[in-house]
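Student: One structure follows; several queries about it will come next.
Number of protein chains: 2
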Amino acid sequence: MKLHILGCHSATPRSLVFPSSQVLEIDNELILIDAGEGMQIQLRKYKHKFNKIKHIFISHLHGDHFFGLVGFLSTLRLLGREKELHIYAPVGLKEIIDLQFKITQTDINYPLHFHELSAGVPERILETEKFTVDTIPLKHRIYTNGYLFKQKEKLRKLNIEEIKKHPEIETWAYHNLKKGKDFVKENGEIIPNDILTLPPEKPKSYAYCSDTLYTPDIVPLIKEVDLLYHEATFLDSEKELAKKTMHSTAKQAAEIAKQANVKKLVLGHFSSRYKDENQFKEEAKEIFPQVDIAQEGKVFEI
Amino acid sequence: MKLHILGCHSATPRSLVFPSSQVLEIDNELILIDAGEGMQIQLRKYKHKFNKIKHIFISHLHGDHFFGLVGFLSTLRLLGREKELHIYAPVGLKEIIDLQFKITQTDINYPLHFHELSAGVPERILETEKFTVDTIPLKHRIYTNGYLFKQKEKLRKLNIEEIKKHPEIETWAYHNLKKGKDFVKENGEIIPNDILTLPPEKPKSYAYCSDTLYTPDIVPLIKEVDLLYHEATFLDSEKELAKKTMHSTAKQAAEIAKQANVKKLVLGHFSSRYKDENQFKEEAKEIFPQVDIAQEGKVFEI
Chain A
7 MKLHILGCHS
17 ATPRSLVFPS
27 SQVLEIDNEL
37 ILIDAGEGMQ
47 IQLRKYKHKF
57 NKIKHIFISH
67 LHGDHFFGLV
77 GFLSTLRLLG
87 REKELHIYAP
97 VGLKEIIDLQ
107 FKITQTDINY
117 PLHFHELSAG
127 VPERILETEK
137 FTVDTIPLKH
147 RIYTNGYLFK
157 QKEKLRKLNI
167 EEIKKHPEIE
177 TWAYHNLKKG
187 KDFVKENGEI
197 IPNDILTLPP
207 EKPKSYAYCS
217 DTLYTPDIVP
227 LIKEVDLLYH
237 EATFLDSEKE
247 LAKKTMHSTA
257 KQAAEIAKQA
267 NVKKLVLGHF
277 SSRYKDENQF
287 KEEAKEIFPQ
297 VDIAQEGKVF
307 EI
Chain B
7 MKLHILGCHS
17 ATPRSLVFPS
27 SQVLEIDNEL
37 ILIDAGEGMQ
47 IQLRKYKHKF
57 NKIKHIFISH
67 LHGDHFFGLV
77 GFLSTLRLLG
87 REKELHIYAP
97 VGLKEIIDLQ
107 FKITQTDINY
117 PLHFHELSAG
127 VPERILETEK
137 FTVDTIPLKH
147 RIYTNGYLFK
157 QKEKLRKLNI
167 EEIKKHPEIE
177 TWAYHNLKKG
187 KDFVKENGEI
197 IPNDILTLPP
207 EKPKSYAYCS
217 DTLYTPDIVP
227 LIKEVDLLYH
237 EATFLDSEKE
247 LAKKTMHSTA
257 KQAAEIAKQA
267 NVKKLVLGHF
277 SSRYKDENQF
287 KEEAKEIFPQ
297 VDIAQEGKVF
307 EI
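Heads up: the protein sequence lines correspond to chains A and B, in order. Every number in the numbering used here is 6 more than the matching position in the first sequence, counting from 1. Every number in the numbering used here is 6 more than the matching position in the second sequence, counting from 1.
In structure tokens form, the structure reads like this:
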């Protein structure tokens, strides 16, 4: 799993930065999370293949999180896409996109599926062969979800060196070994699985939480994830403003990370009022040391 | 008058360029013409003051000409705009913008006026103290207008050297001189205006024509303009494709410029299939030598 940051600023009236948008790479599939204006420009800049994107998750319907979507969907049409595309977003986005396609007389000629969300409780919204996605209900001025991405348990790895010692183990048996089964010889003798295989890589997990008021309710949902992206629009010095606008401070994001005992925290959604974004890291580090800040073009290995 | 190019490519699935958008500067006022995605990023990049924009003209409702508008309007709200803003666009744009503001729960707190267009004949849609704007009906797959911007006649310039020879001409008389009136001395003697003043700068004109099929009907409307921006999505080698998609070739744009006897032609709206945009200039030059190509960040003095 890899997280690529395309944009990580809040609605930005003053500076030359991109609003929220990121690409999560899971086993060669690209997942788009939020789609601020210019998202497709950033996708091109960082050379992500548009065709590898099959799922898009939109946290909430504020413009800095979705104004880049309609242009991207139009571009896919121009590129002759045929594969289906799934969009998970709050109720209302389909109406916005449909109206624009109607008035611009655009026929989307690939299968485009909207999955509109309105539940106020966590729900599993996607399960593929490789991963699951659950919502993380957040508290913001408008209906908002974070998303939890979890790889599924992987198969065990073959211990080829050990297997070679047993010529009676032919390749047809490998799949069962990967699934954890012991090998039974013709004479009934058993070779235990843990001799023939190595444990699989631990499945990874990523939680995206933006935008939100400081909400400890989410802690059980994101417990021990490998990577948590949590918004930090403000610093602690503006905590009253954070509360009023239903955003978080760097300190609050760090408190959530600490309570959830996550492996690593990445901060983003910075207000453009701050010139030096390292301030966010410094503030959070006091509470939760495994913290980094998002930056356009930055890649986080999970 | 100055024309600033923010973006000049057609819907661009493959390359890292910006779609149609430009700023026309008339006597310190900025006019926005078309608003492709990322327009506000370009406005910032080239340091145009958002607050100097009072009028926006949208040619037609294809995404590459207006997807950047809603984000810009939202940003103006964040910047605390109070001045009114006027948008001239085909019927339908207001519905698109209104729906997005409704669903995103955005209150636009500055006076925003939509002037929706549907006439199929040229009409004067704006007259200010300094300039007029008329529509240029174009032929495209969807209802489309070009726009003709014309400065009004300016006042004559004072010939201060000559005026100083006549101490009886006091400053209160200057305004009448600028308006072309003779000076009448107390004794009834007349000093002719053309001795005391110099001719004003000739009012300038600019015509924006994008997107359109080759349409000689527009020639009388843009006769002898100082600058004509005409779309040239394709080269002559793709003229059948141009016809089919209701676009023009560089050669056709040059023919329009020649027939209209304009002072200068600028080509734009290039398809991203062409790697070298100088080909457009070369092709047009054969027919109309005073031609240049649009480029992001380029400024044309009119």
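C-beta atoms are modelled at their ideal positions from N, C-alpha and C, and glycine is treated no differently.
In whole angstroms, give me the CA-to-CA distance for A/Leu36 and A/Lys208.
Tutor: In a straight line, the C-alpha of A/Leu36 is about 20 Å away from that of A/Lys208.
Student: Using a Cβ-Cβ cut-off of 8 Å (strictly less than) and excluding sequence neighbours within five positions of A/Lys158, which residues of its own chain qualify?
Tutor: If we look at A/Lys158 and ignore the five residues flanking it on each side, its Cβ neighbours are Glu135, Lys136, Phe137, Thr138 and Pro209.
Student: Who are A/Leu36's beta bridge partners in DSSP?
Tutor: Beta-bridge pairing links A/Leu36 to A/Glu31 and A/Ile59.
Student: Go to B/Glu288, then tell me how far its alpha helix (DSSP H) extends in each direction, as first and last residue.
Tutor: Asn284 to Lys291 is the extent of the alpha helix (DSSP H) around B/Glu288.
Student: Could you tell me whether any Cβ in chain B is nearer than 8 Å to the Cβ of A/Ile102?
Tutor: Yes - at least one Cβ of chain B is within 8 Å of the one on A/Ile102.
Student: Kindly list the residues whose CB is nearer than 6 Å to the CB of A/Phe120, restricted to its own chain and excluding five residues on each side of it in sequence; keep chain order.
Tutor: Closer than 6 Å at the Cβ level, and outside the excluded window around A/Phe120, lie Ile93 and Lys100.
Student: Residue range of the beta strand (DSSP E) that B/Asp140 falls in?
Tutor: Counting along the chain, the beta strand (DSSP E) containing B/Asp140 begins and ends at Phe137 to Leu144.
Student: Roughly how far, in whole angstroms, is the beta-carbon of B/Thr263 from the beta-carbon of B/Thr255, given that I think they are within contact range, below 8 Å?
Tutor: In the sequence under discussion, the amino acid at residue 263 of chain B is Ala, which differs from the Thr named in the question. Not a contact, Cβ separation roughly 13 Å.
Student: Using CA coordinates, which residue listed in A/Tyr153, A/Arg147, A/Ala125 and A/Tyr116 is at the minimum distance from A/Glu133?
Tutor: If we check each option's Cα against that of A/Glu133, A/Tyr153 comes out closest.
Student: Among B/Val297, B/Val225 and B/Gly69, which residue has its Cα nearest to the Cα of B/Ile148?
Tutor: B/Ile148 has its Cα closest to that of B/Gly69, out of B/Val297, B/Val225 and B/Gly69.
Student: With a threshold of 8 Å between beta carbons, is B/Ile109 in contact with chain A?
Tutor: For B/Ile109, the answer is yes, since a Cβ of chain A falls inside 8 Å of its Cβ.
Student: So which of B/Glu302, B/Phe306 and B/Ile308 has the shortest CA-CA distance to B/Phe24?
Tutor: Ranking B/Glu302, B/Phe306 and B/Ile308 by Cα distance to B/Phe24 puts B/Glu302 first.
Student: Starting from A/Ser65, trace the beta strand (DSSP E) in both directions and tell me its first and last residue.
Tutor: Per DSSP, A/Ser65 belongs to no beta strand (DSSP E) and is neither H nor E.
Student: With 7 Å as the C-beta to C-beta threshold (strictly closer), list the residues of the stretch 36-64 of chain B near chain A in chain order.
Tutor: The residues in question are Glu43, Gly44, Ile47, Arg50 and Lys51.
Student: Hey, how far is the Cα of B/Gly86 from the Cα of B/Ser27?
Tutor: Going by the C-alpha atoms only, they are around 24 Å apart.
Student: Whose Cβ in chain A lies nearer than 8 Å to the Cβ of B/Gly98?
Tutor: Ordered by position in chain A, the residues that pass the 8 Å Cβ test against B/Gly98 are Ile109.
Student: Kindly say whether A/Gln106, judged by its beta-carbon, lies nearer than 8 Å to any beta-carbon of chain B.
Tutor: Yes, A/Gln106 counts as interfacial toward chain B.
Student: Would you check if the distance between the CB atom of B/Leu273 and the CB atom of B/Val305 is smaller than 8 Å?
Tutor: Against a cut-off of 8 Å, the Cβ pair of B/Val305 and B/Leu273 comes out as no contact.
Student: In chain A, which residues lie with their C-beta within 8 Å of the C-beta of B/Ile148?
Tutor: By Cβ distance, chain A contributes Thr110 and Gln111.
Student: Give a yes or no on whether 8 Å exceeds the smallest Cβ distance from B/Ala125 to chain A.
Tutor: Taking Cβ atoms only, chain A never reaches closer than 8 Å to B/Ala125, which makes this a no.
Student: Within its chain, find whatever has a CB closer than 6 Å to the CB of B/Ser16; leave out the 5 residues flanking it on each side and keep chain order.
Tutor: Excluding residues within five positions, the ones whose Cβ falls inside 6 Å are Thr239, His275 and Ser277.
Student: Please state whether the Cβ-Cβ distance between A/Tyr214 and A/Tyr180 is less than 8 Å.
Tutor: No, Cβ-Cβ distance for A/Tyr214 and A/Tyr180 is not below 8 Å.
Student: Can you give the Cα-Cα distance for A/Leu67 and A/Thr141, rounded to whole angstroms?
Tutor: When rounded, the distance between both Cα atoms is 15 Å.
Student: By Cβ distance, which residues of its chain are closer than 6 Å to B/Ala41, with the 5 residues on each side in sequence left out?
Tutor: So the list reads Ser27, Phe72, Gly74 and Leu75, once near-sequence residues are dropped.
Student: I'd like to know whether the C-beta atoms of A/Leu79 and B/Ile47 end up nearer to each other than 8 Å.
Tutor: Cβ atoms of A/Leu79 and B/Ile47: not closer than 8 Å.
Student: Pick from A/Val29, A/Asn267, A/Phe155 and A/Leu123: whose alpha carbon is nearest that of A/Arg50?
Tutor: Out of A/Val29, A/Asn267, A/Phe155 and A/Leu123, A/Val29 has the C-alpha closest to the C-alpha of A/Arg50.
Student: Do you know offhand how far B/Leu271's Cα is from B/Leu123's?
Tutor: If you take the alpha carbons of B/Leu271 and B/Leu123, they lie about 26 Å apart.
Student: Along the chain, where does the beta strand (DSSP E) that runs through A/Ser26 open and close?
Tutor: Counting along the chain, A/Ser26 falls outside any beta strand (DSSP E), and DSSP gives it neither H nor E.
Student: Since B/His146 contacts B/Thr218 with CB under 8 Å, what's their CB separation in whole angstroms?
Tutor: Right, their Cβ atoms sit about 6 Å apart.
Student: By alpha-carbon positions, which one of B/Ser65, B/Met252, B/Arg83 and B/Glu43 ends up nearest to B/Phe56?
Tutor: Checking every option, the nearest Cα to that of B/Phe56 belongs to B/Arg83.
Student: Let me check understanding here. Comparing Cα to Cα, which of B/Leu233, B/Asp188 and B/Ile175 lies closest to B/Leu9?
Tutor: Ranking B/Leu233, B/Asp188 and B/Ile175 by Cα distance to B/Leu9 puts B/Leu233 first.
Student: Contact check, B/Val231 vs B/Val268 under 8 Å by CB: the rounded distance?
Tutor: With 8 Å as the limit, B/Val231 and B/Val268 qualify as a contact, their Cβ atoms being about 5 Å apart.
Student: Pull up the distance between the alpha-carbon of A/Asp33 and that of A/Ser211, whole angstroms please.
Tutor: Spanning the two alpha carbons is a distance of roughly 13 Å.
Student: Go through the stretch 114-182 of chain A residue by residue and report every complete run of the beta strand (DSSP E) that reaches 3 residues or more, in order.
Tutor: Taking only runs of at least 3 residues, the beta strand (DSSP E) segments lying wholly in the stretch 114-182 of chain A are 118-123, 130-133, 137-144 and 150-157.
Student: Can you have a look at B/Gln258 and say buried or exposed, based on whether 16 or more other CB atoms are within 10 angstroms of its CB?
Tutor: The residue in question, B/Gln258, is buried, as its Cβ has 16 or more Cβ neighbours within 10 Å.
Student: With a Cβ-Cβ cutoff of 8 Å, do A/Glu289 and A/Leu241 count as a contact?
Tutor: Yes. Within cutoff.
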